[in-house]
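*Asks:* I'd like to ask you about the structure that follows.
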Amino acid sequence: MGFLTPLFWLPFLLLALLLLFRKRTQVKKELNRLPPSPPKLPILGNLHQLGALPHSSLCQLSRKYGPVLHLQLGRIPVVIVSSAEPAREVLKVNDLACCSRPRIAGAGRLSYNYLDLAFSPYGEYWREMRKICVLELFSVKRVKSFRFIREDEVASLMDLISRSSSSASPVNVTEKIFSLTGSIIFRTAFGKCFRGSDFDRSKFYELVHDAETVAGVFSADEYLPNVGWILDRINGHNKRVERIFHELDTFFQQVIDDHLKPGRIKSQDDIIDVMLGIEKEQIEDGHAWLTKNHIKAVLLNMFLGGVDTSALTVNWAMAELCRKPRLMKKAQDEVRSIVGKKGRVTESDLDQLQYLKMVIKETLRLHPPAPLLIAREAMSQFKINGYNIYPKTVIQINAWAIARDPKYWNNPEEFSPERFIDSSVDFKGQHFEFLPFGGGRRGCPGLYMGTVTSELLLANLLYCFDWKLPGGMKEADLNMEELAGHCLTLLKKTPLLLVPIKCLHDQASE
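The numbers in the numbering used here rise by one with no breaks, and the one at position 132 of the sequence shown is 711.
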């Protein structure tokens, strides 16, 4: 019977081989387990599916394919997160694995070294700069030291609108709000006002908005290998990026040089003074690494993240309140009862304005300033919702979609500040269903500065004036569409035009 022995073991051998093959297949399948993805086109991948409003288009795709979505944008793999649980996995559980940052589109071809610093990946430099921003530039103590600037600029705007109110003609509220926040950032960073300055205000706003546009635009060179740079050159993208950052570099260098002039008179240290002081201390201690390029990088981030954020919030809040006069009156009654006949709301009043804070929260929920949080880049492999995320994958969190998810919010499309009554949910990055300022290591360091500016401005607009829609418009006629084609910030498509009516308590105070 010895000759039967091999035949006897053959079934067991085949079974072992089958099990080994299945195990290897399962391992290979597990390694390749990517998030679901819509059908792709050759070369373009999923670029054609982004739409005019990418955050909205991606929200629709996520509802169809799932809250963690894999897209191929040209040559770049991108994962879109549109739900709170996977957002928590990104921002908390795997924060360190994906807290790097892809470089700005087109910046690699420019000669301005500070661009690489402003959009730096995670590393020692980024950690040191983050420490300076959190502890020195945007600390609560530092932001409070600029209180007089915010109150002075807001008071000037209220006086300007008061003079306009006598004619009972519409005021471009959007323009006024953006002008104010730009003036505050200008004085905070440079220590001087637009009033009396030799720098043109409109040119400054144009420069900031152009920089935001090229920072958020899709560059063909970045997404389409080999031929993309040709397309960017043909459509003028390269030339535009070069012009904008040349103007920024010239402007930043000018204001830094002004601060270095001997005998310069100043009433208080501004952001440039603080950073020049840190540079000087480092040189004296013999371990200098902070340079003028680092200062330019911080200024660039301040302008890209600071000028529009507060303005957008107040602009959307005023538009939403105008659509619901009952809520407008409720907010005005609170401000006016607490402030009385002081004539202006000051920052010392803000802690008492609980309903106004809920209005700001609800505005940030429905209209987050950055609907798609600043993109991250994976540095090592990890998992989200059981899916594999590989190094160099770009990760974007759709804060707009998460804040409108009915899983977390009742009647999510409705503007209802009352939803935050007795609610512990805030926007500081620990509640992942509400992420207007991001979270984790890449959370916005200027959060306090942005929110206190928004609260002060909105409170004064509600305190000093009653507001009417122009030309017999009804609340339902107010256009609430978002502006297409802008990837960084959530702009309102049409400016907000309102008729201000000066309040008697303000007249009495004068």
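For each residue, glycine too, the CB sits at the ideal point set by N, CA and C. Here the structure is a predicted model, which is why all the values come from computation and not from measurement.
Straight-line CA distance for residue 1037 to residue 869?
*Replies:* Roughly 37 Å separates the two Cα atoms.
*Asks:* Might you give, ordered along the chain, the residues of its own chain that have their beta carbon closer than 7 Å to the beta carbon of residue 671, omitting 5 neighbours on each side?
*Replies:* Once the five neighbours on either side are set aside, the close Cβ partners of residue 671 are 1019.
*Asks:* Please report the distance separating the alpha-carbon of residue 988 from that of residue 982.
*Replies:* Computed Cα separation, rounded: 7 Å.
*Asks:* Do residue 1057 and residue 1069 have their beta-carbon atoms positioned less than 8 Å apart in this structure?
*Replies:* Taking 8 Å as the Cβ cut-off, residue 1069 and residue 1057 do not qualify as a contacting pair.
*Asks:* What are the start and end residues of the beta strand (DSSP E) that includes residue 1045?
*Replies:* Here the beta strand (DSSP E) through residue 1045 covers 1044-1047.
*Asks:* So, helix, strand or coil for residue 953, using DSSP?
*Replies:* Residue 953 falls in the coil class under three-state DSSP.
*Asks:* Helix, strand or coil for residue 632, going by three-state DSSP, please let me know.
*Replies:* Residue 632 falls in the coil class under three-state DSSP.
*Asks:* Go ahead and pull the three-state DSSP assignment for residue 649.
*Replies:* Here residue 649 sits in strand by DSSP.
*Asks:* I believe residue 952 touches residue 976 by the beta-carbon criterion, under 8 Å. Please report the beta-carbon distance rounded to the nearest angstrom.
*Replies:* The Cβ separation is near 4 Å, so the contact holds.
*Asks:* Counting along the chain, where does the beta strand (DSSP E) carrying residue 961 start and finish?
*Replies:* Its beta strand (DSSP E) spans residues 961-963.
*Asks:* Put residue 568 into one of helix, strand or coil per three-state DSSP.
*Replies:* The requested residue 568 does not occur in the structure, where the chain is confined to residues 580 to 1089.
*Asks:* Which residues in the same chain have their Cβ closer than 6 Å to the Cβ of residue 630, if we skip the five residues on either side of it in sequence?
*Replies:* 636.
*Asks:* Return the CA-CA distance between residue 702 and residue 971, expressed in angstroms with no decimal places.
*Replies:* When rounded, the distance between both Cα atoms is 15 Å.
*Asks:* Using three-state DSSP, classify residue 751 as helix, strand or coil.
*Replies:* Note: residue 751 maps to strand in three-state DSSP.
*Asks:* Mapping the DSSP letters down to three states, classify residue 1078 as helix, strand or coil.
*Replies:* If DSSP states are grouped into helix, strand and coil, residue 1078 belongs with the strands.
*Asks:* Hey, how far is the Cα of residue 1085 from the Cα of residue 908?
*Replies:* With a pLDDT of 47 at residue 1085, under the threshold of 50, the modelled position of this residue cannot be trusted; read the value that follows with caution. So the two alpha carbons sit approximately 17 Å from each other.
*Asks:* Find the nearest neighbour of residue 794 within the set 1071, 1074, 1067, judged by alpha-carbon distance.
*Replies:* Cα-wise, what sits closest to residue 794 is 1067.
*Asks:* May I ask which residues mark the beginning and end of the beta strand (DSSP E) holding residue 967?
*Replies:* Start and end: 966-968.
*Asks:* What three-state label does DSSP hand residue 832 in the structure shown?
*Replies:* In this structure, residue 832 counts as helix in the three-state DSSP scheme.
*Asks:* Where do the ends of the alpha helix (DSSP H) carrying residue 904 lie?
*Replies:* From DSSP, the alpha helix (DSSP H) with residue 904 extends over 904-918.
*Asks:* Starting from residue 657, trace the beta strand (DSSP E) in both directions and tell me its first and last residue.
*Replies:* Per DSSP, residue 657 belongs to the beta strand (DSSP E) from 655-660.
*Asks:* In the DSSP assignment, what residue or residues form a beta bridge with residue 1061?
*Replies:* DSSP lists 1071 as partners of residue 1061.
*Asks:* Write down every uninterrupted run of the alpha helix (DSSP H) in the stretch 720-765 whose length is 4 residues or greater and which is fully enclosed by it, in chain order.
*Replies:* Listed in chain order, they are 726-744.
*Asks:* Mind checking which residues open and close the alpha helix (DSSP H) that includes residue 861?
*Replies:* Residue 861 -> alpha helix (DSSP H) spans 850-864.
*Asks:* Below 8 Å, can you find three or more Cβ-Cβ pairs linking the stretch 994-1006 to the stretch 644-658?
*Replies:* Touching, no.
*Asks:* Going by C-alpha to C-alpha distance, which of 816, 792, 661, 990 sits closest to residue 643?
*Replies:* Nearest of 816, 792, 661, 990 to residue 643, Cα basis: 661.
*Asks:* For residue 820, which of helix, strand or coil comes out of DSSP?
*Replies:* Reduced to three states, the DSSP call for residue 820 is helix.
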